[in-house]
(Lines of atoms letter the chains of each structure in order from A and count residues from 1; the text may use other names and numbers.)
(Lines give C-alpha, C1' and ligand atoms only; values in the text may rest on other atoms or scores of the structure.)
Protein backbone atom coordinates (compact mmCIF):
# COMPACT_ATOMS: atom_id res chain seq x y z
CA UNK A 1 0.00 0.00 0.00
CA UNK A 2 1.07 3.57 -0.68
CA UNK A 3 1.71 4.96 2.80
CA UNK A 4 1.00 8.57 1.82
CA UNK A 5 -2.26 7.59 0.14
CA UNK A 6 -3.36 5.55 3.17
CA UNK A 7 -2.55 8.44 5.49
CA UNK A 8 -4.66 10.77 3.34
CA UNK A 9 -7.56 8.28 3.37
CA UNK A 10 -7.46 8.03 7.16
CA UNK A 11 -7.26 11.79 7.67
CA UNK A 12 -10.18 12.36 5.30
CA UNK A 13 -12.27 9.67 7.00
CA UNK A 14 -11.59 11.10 10.44
CA UNK A 15 -12.41 14.64 9.28
CA UNK A 16 -15.67 13.37 7.78
CA UNK A 17 -16.64 11.57 11.00
CA UNK A 18 -15.44 14.01 13.63
CA UNK A 19 -16.38 17.28 11.95
CA UNK A 20 -16.09 20.04 14.54
CA UNK A 21 -15.59 17.54 17.36
CA UNK A 22 -16.85 14.36 19.01
CA UNK A 23 -19.46 16.02 21.20
CA UNK A 24 -20.63 12.80 22.89
CA UNK A 25 -17.15 11.81 24.01
CA UNK A 26 -16.35 15.41 24.92
CA UNK A 27 -19.43 15.56 27.14
CA UNK A 28 -19.12 12.14 28.80
CA UNK A 29 -15.42 11.35 29.09
CA UNK A 30 -12.66 12.99 31.15
CA UNK A 31 -10.04 14.10 28.58
CA UNK A 32 -7.28 12.91 30.92
CA UNK A 33 -8.77 9.44 31.51
CA UNK A 34 -6.75 6.46 30.30
CA UNK A 35 -8.12 3.04 29.45
CA UNK A 36 -7.88 -0.13 27.39
CA UNK A 37 -9.95 -1.76 24.70
CA UNK A 38 -10.08 -5.16 23.01
CA UNK A 39 -10.97 -5.84 19.39
CA UNK A 40 -13.01 -9.02 19.01
CA UNK A 41 -14.02 -11.08 15.98
CA UNK A 42 -17.78 -11.70 15.97
CA UNK A 43 -17.46 -14.25 13.13
CA UNK A 44 -14.78 -16.18 11.28
CA UNK A 45 -12.91 -14.35 8.48
CA UNK A 46 -9.56 -13.57 6.83
CA UNK A 47 -8.04 -10.54 8.55
CA UNK A 48 -6.96 -7.58 6.43
CA UNK A 49 -6.21 -4.01 7.48
CA UNK A 50 -5.02 -4.33 11.06
CA UNK A 51 -2.26 -1.77 10.43
CA UNK A 52 -4.80 0.62 8.93
CA UNK A 53 -6.98 0.11 12.02
CA UNK A 54 -4.08 1.01 14.31
CA UNK A 55 -3.02 3.97 12.18
CA UNK A 56 -6.41 5.59 12.75
CA UNK A 57 -5.71 5.84 16.48
CA UNK A 58 -2.06 6.79 16.02
CA UNK A 59 -3.16 9.61 13.73
CA UNK A 60 -5.33 10.94 16.54
CA UNK A 61 -2.71 10.37 19.24
CA UNK A 62 0.74 8.82 18.70
CA UNK A 63 0.86 7.79 22.38
CA UNK A 64 -1.72 5.03 21.88
CA UNK A 65 -0.16 1.64 22.67
CA UNK A 66 -1.23 -1.70 21.26
CA UNK A 67 -0.67 -5.44 21.32
CA UNK A 68 -1.47 -7.44 18.17
CA UNK A 69 -2.56 -11.08 18.29
CA UNK A 70 -3.46 -11.57 14.62
CA UNK A 71 -2.00 -10.11 11.41
CA UNK A 72 -3.20 -9.74 7.83
CA UNK A 73 -3.79 -12.98 5.97
CA UNK A 74 -4.53 -15.04 9.07
CA UNK A 75 -7.83 -16.85 9.48
CA UNK A 76 -9.56 -15.49 12.58
CA UNK A 77 -12.13 -17.48 14.53
CA UNK A 78 -15.32 -16.15 16.11
CA UNK A 79 -14.65 -14.85 19.61
CA UNK A 80 -10.90 -14.32 19.14
CA UNK A 81 -9.26 -11.14 20.41
CA UNK A 82 -7.50 -9.63 17.41
CA UNK A 83 -5.68 -6.89 19.30
CA UNK A 84 -5.66 -4.77 22.45
CA UNK A 85 -5.31 -1.01 22.68
CA UNK A 86 -4.31 1.29 25.53
CA UNK A 87 -4.35 5.06 25.71
CA UNK A 88 -6.60 8.07 26.29
CA UNK A 89 -10.21 6.89 26.43
CA UNK A 90 -11.33 9.89 24.39
CA UNK A 91 -9.02 8.85 21.55
CA UNK A 92 -10.16 5.23 21.65
CA UNK A 93 -13.82 6.27 21.50
CA UNK A 94 -13.39 8.91 18.80
CA UNK A 95 -11.42 6.67 16.45
CA UNK A 96 -13.46 3.52 16.97
CA UNK A 97 -15.94 3.76 14.09
CA UNK A 98 -13.52 4.85 11.36
CA UNK A 99 -11.00 2.18 12.38
CA UNK A 100 -13.64 -0.55 12.44
CA UNK A 101 -15.24 0.54 9.17
CA UNK A 102 -11.95 0.26 7.30
CA UNK A 103 -10.82 -3.05 8.79
CA UNK A 104 -14.28 -4.64 8.48
CA UNK A 105 -14.44 -3.62 4.83
CA UNK A 106 -10.94 -4.82 4.02
CA UNK A 107 -11.40 -8.11 5.86
CA UNK A 108 -14.66 -8.71 4.02
CA UNK A 109 -12.88 -8.30 0.69
CA UNK A 110 -10.03 -10.60 1.74
CA UNK A 111 -12.51 -13.21 2.94
CA UNK A 112 -14.54 -13.19 -0.28
CA UNK A 113 -11.36 -13.29 -2.36
CA UNK A 114 -10.21 -16.34 -0.43
CA UNK A 115 -13.46 -18.12 -1.34
CA UNK A 116 -12.87 -17.45 -5.04
CA UNK A 117 -9.24 -18.54 -4.84
CA UNK A 118 -10.29 -21.81 -3.21
CA UNK A 119 -13.04 -22.27 -5.83
CA UNK A 120 -10.46 -22.34 -8.65
CA UNK A 121 -7.78 -24.31 -6.80
CA UNK A 122 -6.33 -27.13 -8.84
CA UNK A 123 -6.40 -25.05 -12.04
CA UNK A 124 -3.93 -22.55 -13.47
CA UNK A 125 -6.37 -19.64 -13.26
CA UNK A 126 -5.64 -16.59 -11.14
CA UNK A 127 -8.35 -14.52 -9.51
CA UNK A 128 -8.12 -10.78 -10.30
CA UNK A 129 -9.92 -7.73 -9.02
CA UNK A 130 -11.23 -4.89 -11.21
CA UNK A 131 -11.58 -1.10 -11.01
CA UNK A 132 -15.05 -1.51 -9.48
CA UNK A 133 -13.86 -0.17 -6.16
CA UNK A 134 -15.18 2.35 -3.65
CA UNK A 135 -14.02 5.81 -4.83
CA UNK A 136 -11.12 6.93 -2.68
CA UNK A 137 -10.52 3.49 -1.14
CA UNK A 138 -8.97 1.66 -4.09
CA UNK A 139 -5.52 1.29 -2.55
CA UNK A 140 -7.02 -0.37 0.54
CA UNK A 141 -9.44 -2.58 -1.34
CA UNK A 142 -6.91 -3.82 -3.88
CA UNK A 143 -4.47 -4.56 -1.06
CA UNK A 144 -7.19 -6.59 0.67
CA UNK A 145 -7.62 -8.66 -2.52
CA UNK A 146 -3.95 -9.66 -2.36
CA UNK A 147 -4.31 -10.57 1.31
CA UNK A 148 -7.08 -12.97 0.30
CA UNK A 149 -4.81 -14.63 -2.26
CA UNK A 150 -5.99 -12.76 -5.35
CA UNK A 151 -4.12 -10.54 -7.78
CA UNK A 152 -4.55 -6.96 -8.92
CA UNK A 153 -5.71 -6.00 -12.39
CA UNK A 154 -5.03 -2.41 -13.47
CA UNK A 155 -4.84 0.00 -10.57
CA UNK A 156 -5.95 2.85 -12.79
CA UNK A 157 -6.47 3.92 -16.38
CA UNK A 158 -2.80 4.73 -16.90
CA UNK A 159 -1.56 1.24 -16.01
CA UNK A 160 -2.51 -0.62 -19.17
CA UNK A 161 -4.58 -0.62 -22.32
CA UNK A 162 -7.92 -2.39 -22.01
CA UNK A 163 -10.04 -1.86 -25.09
CA UNK A 164 -13.65 -2.49 -24.10
CA UNK A 165 -16.89 -2.58 -26.09
CA UNK A 166 -17.43 1.18 -25.97
CA UNK A 167 -13.86 1.86 -27.10
CA UNK A 168 -14.37 -0.57 -29.98
CA UNK A 169 -17.61 1.15 -30.97
CA UNK A 170 -16.05 4.60 -30.75
CA UNK A 171 -12.93 3.60 -32.73
CA UNK A 172 -14.80 1.75 -35.47
CA UNK A 173 -13.87 -1.84 -34.67
CA UNK A 174 -11.27 -3.97 -32.92
CA UNK A 175 -8.60 -3.65 -35.63
CA UNK A 176 -8.93 0.13 -35.76
CA UNK A 177 -8.82 0.43 -31.97
CA UNK A 178 -5.70 -1.71 -31.67
CA UNK A 179 -3.88 0.16 -34.46
CA UNK A 180 -4.66 3.46 -32.77
CA UNK A 181 -3.54 2.11 -29.39
CA UNK A 182 -0.20 0.93 -30.79
CA UNK A 183 0.45 4.32 -32.36
CA UNK A 184 -0.47 6.20 -29.18
CA UNK A 185 1.29 4.19 -26.47
CA UNK A 186 4.82 2.92 -25.77
CA UNK A 187 5.70 -0.70 -26.50
CA UNK A 188 6.02 -1.41 -22.78
CA UNK A 189 2.21 -1.38 -22.31
CA UNK A 190 0.42 -4.59 -23.20
CA UNK A 191 -2.86 -4.36 -25.08
CA UNK A 192 -5.95 -6.24 -23.92
CA UNK A 193 -9.19 -6.42 -25.89
CA UNK A 194 -12.62 -7.33 -24.59
CA UNK A 195 -14.34 -9.93 -26.80
CA UNK A 196 -17.98 -10.94 -26.63
CA UNK A 197 -18.03 -13.42 -29.54
CA UNK A 198 -15.70 -15.85 -31.30
CA UNK A 199 -15.58 -13.43 -34.23
CA UNK A 200 -14.29 -10.80 -31.82
CA UNK A 201 -11.64 -13.26 -30.63
CA UNK A 202 -10.52 -13.88 -34.21
CA UNK A 203 -10.29 -10.12 -34.81
CA UNK A 204 -8.23 -9.64 -31.63
CA UNK A 205 -5.89 -12.47 -32.64
CA UNK A 206 -5.53 -10.92 -36.08
CA UNK A 207 -4.55 -7.64 -34.45
CA UNK A 208 -1.86 -9.41 -32.40
CA UNK A 209 -2.99 -8.32 -28.93
CA UNK A 210 -1.29 -9.71 -25.83
CA UNK A 211 -4.38 -10.37 -23.71
CA UNK A 212 -7.89 -11.36 -24.75
CA UNK A 213 -10.79 -10.90 -22.34
CA UNK A 214 -13.75 -13.24 -22.82
CA UNK A 215 -16.65 -11.14 -21.64
CA UNK A 216 -19.88 -12.76 -20.46
CA UNK A 217 -19.31 -15.92 -22.50
CA UNK A 218 -20.99 -19.19 -21.58
CA UNK A 219 -18.69 -22.08 -20.71
CA UNK A 220 -19.09 -23.86 -24.05
CA UNK A 221 -18.12 -20.75 -26.02
CA UNK A 222 -15.29 -20.05 -23.60
CA UNK A 223 -13.82 -23.50 -24.27
CA UNK A 224 -13.89 -22.83 -28.01
CA UNK A 225 -12.24 -19.45 -27.50
CA UNK A 226 -9.45 -20.90 -25.33
CA UNK A 227 -8.73 -23.54 -27.97
CA UNK A 228 -8.77 -20.90 -30.72
CA UNK A 229 -6.37 -18.61 -28.86
CA UNK A 230 -3.93 -21.31 -27.81
CA UNK A 231 -0.62 -19.78 -26.75
CA UNK A 232 -1.06 -16.64 -28.85
CA UNK A 233 -2.29 -14.52 -25.92
CA UNK A 234 -3.18 -14.61 -22.26
CA UNK A 235 -6.87 -15.36 -21.76
CA UNK A 236 -9.00 -13.57 -19.18
CA UNK A 237 -12.59 -14.51 -18.34
CA UNK A 238 -14.91 -11.82 -17.00
CA UNK A 239 -18.56 -10.98 -16.46
CA UNK A 240 -21.01 -12.12 -13.76
CA UNK A 241 -18.43 -14.32 -12.10
CA UNK A 242 -20.21 -16.09 -9.27
CA UNK A 243 -18.23 -18.67 -7.32
CA UNK A 244 -19.78 -21.44 -9.40
CA UNK A 245 -19.19 -19.71 -12.72
CA UNK A 246 -15.59 -18.88 -11.77
CA UNK A 247 -14.93 -22.54 -10.96
CA UNK A 248 -16.41 -23.59 -14.32
CA UNK A 249 -14.46 -20.92 -16.21
CA UNK A 250 -11.19 -21.97 -14.58
CA UNK A 251 -11.61 -25.51 -15.92
CA UNK A 252 -11.77 -24.21 -19.51
CA UNK A 253 -8.09 -23.30 -19.33
CA UNK A 254 -8.29 -19.51 -19.01
CA UNK A 255 -5.30 -17.85 -17.37
CA UNK A 256 -7.11 -15.08 -15.50
CA UNK A 257 -10.57 -14.55 -14.02
CA UNK A 258 -11.55 -11.00 -13.11
CA UNK A 259 -14.26 -10.59 -10.48
CA UNK A 260 -15.85 -7.21 -9.84
CA UNK A 261 -17.76 -8.64 -6.88
CA UNK A 262 -14.55 -8.88 -4.84
CA UNK A 263 -14.68 -5.16 -4.20
CA UNK A 264 -18.18 -4.00 -5.14
CA UNK A 265 -20.17 -6.69 -3.33
CA UNK A 266 -18.05 -8.08 -0.51
CA UNK A 267 -19.96 -7.89 2.79
CA UNK A 268 -18.12 -6.29 5.69
CA UNK A 269 -17.23 -8.75 8.43
CA UNK A 270 -18.43 -8.33 12.01
CA UNK A 271 -15.81 -6.96 14.40
CA UNK A 272 -16.40 -5.12 17.67
CA UNK A 273 -14.26 -3.00 19.97
CA UNK A 274 -14.99 -3.02 23.69
CA UNK A 275 -13.67 -0.63 26.33
CA UNK A 276 -12.47 -2.64 29.33
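In the working numbering, the protein residues as written are 6 to 281.
Ideal placement from N, C-alpha and C gives every residue a C-beta, glycine not left out.
Next item on the list: Below 8 Å on the Cβ atoms is my guess for residue 86 versus residue 45; work out the distance and round it to an integer in Å.
Entry: The residue you call residue 86 lines up with position 81 of the chain shown. The residue you call residue 45 lines up with position 40 of the chain shown. Correct: roughly 6 Å between the Cβ atoms.
Item checked: Beta-carbon contacts of residue 119 that lie in its chain and below 6 Å, excluding the five residues immediately before and after -> Here residue 119 corresponds to residue number 114 of the chain shown, with the count starting at 1. Excluding positions up to five away in sequence, the list reads 51, 153, 154.
Note to self: Am I right that residue 244 and residue 220 are in contact with their C-beta atoms under 8 Å? What's the rounded C-beta distance?
What the structure shows: Counting from one through the chain shown, the residue named residue 244 turns up at place 239. Counting from one through the chain shown, the residue named residue 220 turns up at place 215. Yes, they are in contact, since the Cβ atoms of residue 244 and residue 220 sit about 5 Å apart, within 8 Å.
Checklist line | Beta bridge counterpart(s) of residue 220 as assigned by DSSP | finding: In the chain shown, the residue the question calls residue 220 occupies position 215. DSSP lists 243 as partners of residue 220.
Check: Sorted by chain position, which residues of the same chain lie with C-beta nearer than 8 Å to residue 259's C-beta, five sequence neighbours on each side aside?
Finding: The residue given as residue 259 occupies position 254 in the chain shown. Excluding residues within five positions, the ones whose Cβ falls inside 8 Å are 130, 219, 227, 231, 240, 241, 242.
Next item on the list: For residue 261, count neighbouring Cβ atoms within 10 angstroms of its own Cβ and tell me buried if that reaches 16, exposed if not.
Entry: As a first step, residue 261 must be located in the chain shown, where it is residue number 256. The residue in question, residue 261, is buried, as its Cβ has 16 or more Cβ neighbours within 10 Å.
Notebook entry, point to check: Which residue comes first and which comes last in the beta strand (DSSP E) that contains residue 162?
Noted result: Reading the chain shown from its first residue, position 157 is the one you call residue 162. It is not in any beta strand (DSSP E) - residue 162 carries neither H nor E in the DSSP assignment.
Notebook entry, point to check: If we ignore side chains and look at the alpha-carbon of each, how far apart do residue 273 and residue 253 end up?
Noted result: Numbered from its first residue, the chain shown carries residue 273 at position 268. Numbered from its first residue, the chain shown carries residue 253 at position 248. Between residue 273 and residue 253, the C-alpha separation is close to 27 Å.
Notebook entry, point to check: Are residue 107 and residue 267 close, meaning C-beta to C-beta below 7 Å?
Noted result: One-based indexing of the chain shown puts residue 107 at position 102. One-based indexing of the chain shown puts residue 267 at position 262. Against a cut-off of 7 Å, the Cβ pair of residue 267 and residue 107 comes out as no contact.
Next item on the list: Determine the DSSP secondary structure at residue 169, reduced to helix, strand or coil.
Entry: Here residue 169 is taken as the residue at index 164 of the chain shown, counted from 1. If DSSP states are grouped into helix, strand and coil, residue 169 belongs with coil.
Checklist line | Given 8 Å, three or more beta-carbon pairs between the region 11–29 and the region 73–87 | finding: no
Check: Between the C-alpha atoms of residue 22 and residue 132, what's the straight-line distance to the nearest angstrom?
Finding: The residue labelled residue 22 in the question sits at position 17 within the chain shown. The residue labelled residue 132 in the question sits at position 127 within the chain shown. For residue 22 and residue 132, the distance between alpha carbons rounds to 34 Å.
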